[in-house]
Amino acid sequence: MPTITYRDALNQALKEEMERDPNVFLMGEEVGVYQGAYKVSRGLLDAFGEQRVIDTPITELGFAGVGIGAAMVGLRPVIEFMTWNFALLAVDQIVNSAAKMLYMSGGQIRIPIVFRGPGGAALQLAAQHSQAFDSWYAHIPGLKVVAPATPYDAKGLLKSAIRDDNPVVFLEGEMMYNAKGDVPEGDYTVPLGKAEVKLEGSDVTLVCHAKTVAVAQRAARQLAEECGIAAEIVDLRTIRPLDTETIIRSVVKTNRCVVVEEGWPFCGIGAQVVDYIQLHAFDHMDAPVLRVTQADVPIPYNKRLEKAAKPSPDRVVDAVKQITYLD
Amino acid sequence: MAQTATASVLDTERADFHRRLLRQMCLIRRFEERAGEAYALGKIGGFCHLYIGQEAVAVGVLAALRDDDYVMGSYRDHGHALARGMSAREVMAELYGKVTGCSRGKGGSMHLFSVERQYLGGHAIVGAHIPLVAGAAFAIKYRGEDRVALGFFGEAAVNNGAFHEALNMAAVWKLPAIFVTENNRYGMGTATERASAVYDVATRACSYDMDRDTVDGMDVLAVYEATARAVERAREQRLPTLLEARTYRFMGHSMSDPIHGHYRMREEIEEQKKRDPLHSFSDRLVEAGIMSPEDYEEMERQIREELDDAAAFADESAEPDPYELYTDVYVD
Numbered sequence: 001m002p003t004i005t006y007r008d009a010l011n012q013a014l015k016e017e018m019e020r021d022p023n024v025f026l027m028g029e030e031v032g033v034y035q036g037a038y039k040v041s042r043g044l045l046d047a048f049g050e051q052r053v054i055d056t057p058i059t060e061l062g063f064a065g066v067g068i069g070a071a072m073v074g075l076r077p078v079i080e081f082m083t084w085n086f087a088l089l090a091v092d093q094i095v096n097s098a099a100k101m102l103y104m105s106g107g108q109i110r111i112p113i114v115f116r117g118p119g120g121a122a123l124q125l126a127a128q129h130s131q132a133f134d135s136w137y138a139h140i141p142g143l144k145v146v147a148p149a150t151p152y153d154a155k156g157l158l159k160s161a162i163r164d165d166n167p168v169v170f171l172e173g174e175m176m177y178n179a180k181g182d183v184p185e186g187d188y189t190v191p192l193g194k195a196e197v198k199l200e201g202s203d204v205t206l207v208c209h210a211k212t213v214a215v216a217q218r219a220a221r222q223l224a225e226e227c228g229i230a231a232e233i234v235d236l237r238t239i240r241p242l243d244t245e246t247i248i249r250s251v252v253k254t255n256r257c258v259v260v261e262e263g264w265p266f267c268g269i270g271a272q273v274v275d276y277i278q279l280h281a282f283d284h285m286d287a288p289v290l291r292v293t294q295a296d297v298p299i300p301y302n303k304r305l306e307k308a309a310k311p312s313p314d315r316v317v318d319a320v321k322q323i324t325y326l327d
Numbered sequence: 328m329a330q331t332a333t334a335s336v337l338d339t340e341r342a343d344f345h346r347r348l349l350r351q352m353c354l355i356r357r358f359e360e361r362a363g364e365a366y367a368l369g370k371i372g373g374f375c376h377l378y379i380g381q382e383a384v385a386v387g388v389l390a391a392l393r394d395d396d397y398v399m400g401s402y403r404d405h406g407h408a409l410a411r412g413m414s415a416r417e418v419m420a421e422l423y424g425k426v427t428g429c430s431r432g433k434g435g436s437m438h439l440f441s442v443e444r445q446y447l448g449g450h451a452i453v454g455a456h457i458p459l460v461a462g463a464a465f466a467i468k469y470r471g472e473d474r475v476a477l478g479f480f481g482e483a484a485v486n487n488g489a490f491h492e493a494l495n496m497a498a499v500w501k502l503p504a505i506f507v508t509e510n511n512r513y514g515m516g517t518a519t520e521r522a523s524a525v526y527d528v529a530t531r532a533c534s535y536d537m538d539r540d541t542v543d544g545m546d547v548l549a550v551y552e553a554t555a556r557a558v559e560r561a562r563e564q565r566l567p568t569l570l571e572a573r574t575y576r577f578m579g580h581s582m583s584d585p586i587h588g589h590y591r592m593r594e595e596i597e598e599q600k601k602r603d604p605l606h607s608f609s610d611r612l613v614e615a616g617i618m619s620p621e622d623y624e625e626m627e628r629q630i631r632e633e634l635d636d637a638a639a640f641a642d643e644s645a646e647p648d649p650y651e652l653y654t655d656v657y658v659d
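From first to last, the protein sequence lines are chains F and H.
For the first sequence, my numbering assigns the number 1 to the initial residue and increments by one for each residue that follows.
For the second sequence, my numbering assigns the number 328 to the initial residue and increments by one for each residue that follows.
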């Protein structure tokens, strides 16, 4: 099986879906002539022409709305945001137009659209370019929210997202684009709404998604080597709909849980996961569920401060030690 | 570029067409009067924005479209829906929140939808549907069709970013879109000249090198003719147009807003009512011999019957079942 980057896995998904369905098109800033700000769309303009790979003005609200309007009448747009930080300008369109149209129209109008791009902190991009909005979108009924961690999942989930008849918020990350992994050539899909146990273990469940899967994996290695603790890693892959079954099955086995996420703590994804656990596995838990998040501050520019703000393997290890009473 | 429509001319050979326009305007007027009464009786809830005074715009504009063209509007959408051919029954039932309503009771006054009639909503964030209109026009061009996409919005929306972003893209990509500003002089309670550096809405099109037109929005034939020119431009040349219809709303902004008060005086409204689009057009038809006073009475009687039926239908229809709360959130 070829080993390719997360970036190229996304590129394959786009190319294959555009070949499969003439209604699929890609629209966003610099997706065409420039070949993509992060080169996810490299080669697509040559392959499909400017009718289907459309460079836009810098107007996030506007082109998000154009995509939704096209989806209302049956096209299947993929709207690329250069980063989700810029998509704040388009939140009205995503929330008020895309997410609600099916409901407001009494089921008449579908919005089969994917909004995608990188989000969260990269390296020293400072406060306005470093935000993880996963929980914002996950809050909205009518949206699906997907956040793949590996190249394999990135390709399979993007294909599923494009084929889904609902609006999908697809969260990538600058720091993941170069990550490599095994990705089959040709068509396969990963279903939306299904978490995956990325590592089996018996002592503690680490619930994570996207960038924090790698954080949890490093923490798991450290826990095994230093403390003999076998961590189980549950990669959510889709935030909404949330695969609560896989989470509950895991914590019922391990009786302990740490939720690791890139976003801020207040009303975060972890808060939702903890609520499910207390509701459905209360009697199975041997310790409080802890959360490792980014610090509750705007992300600073300074490298040392930025590092301190992000979830790290050390903080995950510390949290696990705390709930296994090793500290 | 800019054309300012001259007074329209009646064409006695198109008498049926003229009578149809008058009937639609009259239906909207009487429908809205009924809606106002039903609101006062508590049968309609939430926000309810009546279209009285602006009937010539919806009727004149939509008469120039084909059935397969795409249409969207703002929250003041009852008139658009009816002029697009949606039934008084399904619209009234929607205002009543009934399951037989066009949006199955889930949209209400501000969110009327009918895919069958290609009326793609009632949208209630000012200006936000203008990019959606550009998007539908984009889809038309993408598929190589000869439809057009048309959107209605108030003059207050043109100070909004969504308007400018959408018009710029429609112009740079040459989309078959028609943007219709219903300039009723007030964005809620704020007069245009207090909110807008430029009074003439149509001149905004200059920023995007877009064709524009300003028309008397109280003259249904002038509105029809101006729209027909824009439709031809969109269909034949794939070019967008910004069309400004100068109109006036005779009622308050919504049912909670008195007709006159802090922001406009009774005298102004009385003056504007001399331009009443329904009365002026019916007078013209009678004067031209296209319609007799008896014909007019008969038309009113038929409309009364149609609206009696619509109100009874809405009254008697069922509420949505409780399980409907959770349907239509996602496509399965």
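Here a beta-carbon is modelled for each residue, glycine too, at the ideal position from N, C-alpha and C.
Assign residue i to buried or exposed, taking buried as 16 or more other Cβ atoms, counted over all protein chains shown, within 10 Å of its Cβ.
i, result
"S430 of chain H", "buried"
"G49 of chain F", "exposed"
"G74 of chain F", "exposed"
"G434 of chain H", "buried"
"S105 of chain F", "buried"
"T3 of chain F", "exposed"
"V336 of chain H", "exposed"
Between the C-alpha atoms of residue i and residue j, what's the straight-line distance to the nearest angstrom?
i, j, result
"L305 of chain F", "N11 of chain F", "34 Å"
"D343 of chain H", "M82 of chain F", "55 Å"
"L326 of chain F", "P311 of chain F", "21 Å"
"A179 of chain F", "A308 of chain F", "22 Å"
"R565 of chain H", "A70 of chain F", "16 Å"
"G270 of chain F", "F465 of chain H", "40 Å"
"E472 of chain H", "F374 of chain H", "37 Å"
"F282 of chain F", "T324 of chain F", "17 Å"
"A383 of chain H", "E632 of chain H", "22 Å"
"T333 of chain H", "R521 of chain H", "Residue placement at T333 of chain H is poorly supported in this model, since its pLDDT is 48, which falls under 50; the coordinates are not used for a value here."
"D635 of chain H", "Y575 of chain H", "28 Å"
"L192 of chain F", "M1 of chain F", "23 Å"
"Q330 of chain H", "E559 of chain H", "Interpretation of Q330 of chain H is limited by its pLDDT of 49, a score under 50 that renders its predicted location unreliable; the figure taken from the coordinates is listed afterwards. Roughly 15 Å between the two C-alpha positions."
"G424 of chain H", "F25 of chain F", "37 Å"
"T56 of chain F", "A47 of chain F", "18 Å"
With C-beta atoms as the reference, is residue i less than 7 Å away from residue j?
i, j, result
"A498 of chain H", "Y446 of chain H", "no"
"Q217 of chain F", "V317 of chain F", "no"
"F480 of chain H", "S581 of chain H", "no"
"G67 of chain F", "I54 of chain F", "no"
"P151 of chain F", "A9 of chain F", "yes"
"V547 of chain H", "G412 of chain H", "no"
"R531 of chain H", "V485 of chain H", "yes"
"V658 of chain H", "R110 of chain F", "yes"
"A645 of chain H", "V426 of chain H", "yes"
"V258 of chain F", "I247 of chain F", "no"
"R416 of chain H", "F640 of chain H", "yes"
"G380 of chain H", "F577 of chain H", "yes"
Hey, is residue i's beta-carbon within less than 7 Å of any beta-carbon in chain F?
i, result
"G434 of chain H", "yes"
"L270 of chain H", "Within the shown structure, residues of chain H are numbered from 328 to 659, placing residue 270 of chain H beyond reach of any answer."
"F490 of chain H", "no"
"F358 of chain H", "no"
"G462 of chain H", "yes"
"Y650 of chain H", "no"
"R431 of chain H", "yes"
"L634 of chain H", "no"
"D404 of chain H", "no"
"M496 of chain H", "yes"
"Y590 of chain H", "no"
"I505 of chain H", "no"
With a cut-off of 7 Å, does the C-beta of residue i fall near any C-beta of chain H?
i, result
"N255 of chain F", "no"
"T238 of chain F", "no"
"L157 of chain F", "no"
"V258 of chain F", "no"
"T189 of chain F", "no"
"D283 of chain F", "no"
"D92 of chain F", "yes"
Extract the residue ranges of the alpha helix (DSSP H) inside the stretch 361-447 of chain H, only unbroken runs of 4 or more that lie entirely within it. 382-389, 405-410 and 415-422
Secondary structure, beta strand (DSSP E): runs of 3+ residues fully inside the stretch 434-514 of chain H: 446-449, 476-481 and 504-510
Write down every uninterrupted run of the beta strand (DSSP E) in the stretch 135-202 of chain F whose length is 3 residues or greater and which is fully enclosed by it, in chain order. 144-146, 168-172, 180-182 and 196-199
Whole runs of the alpha helix (DSSP H) within the stretch 72-134 of chain F, excluding any shorter than 4 residues: 101-104
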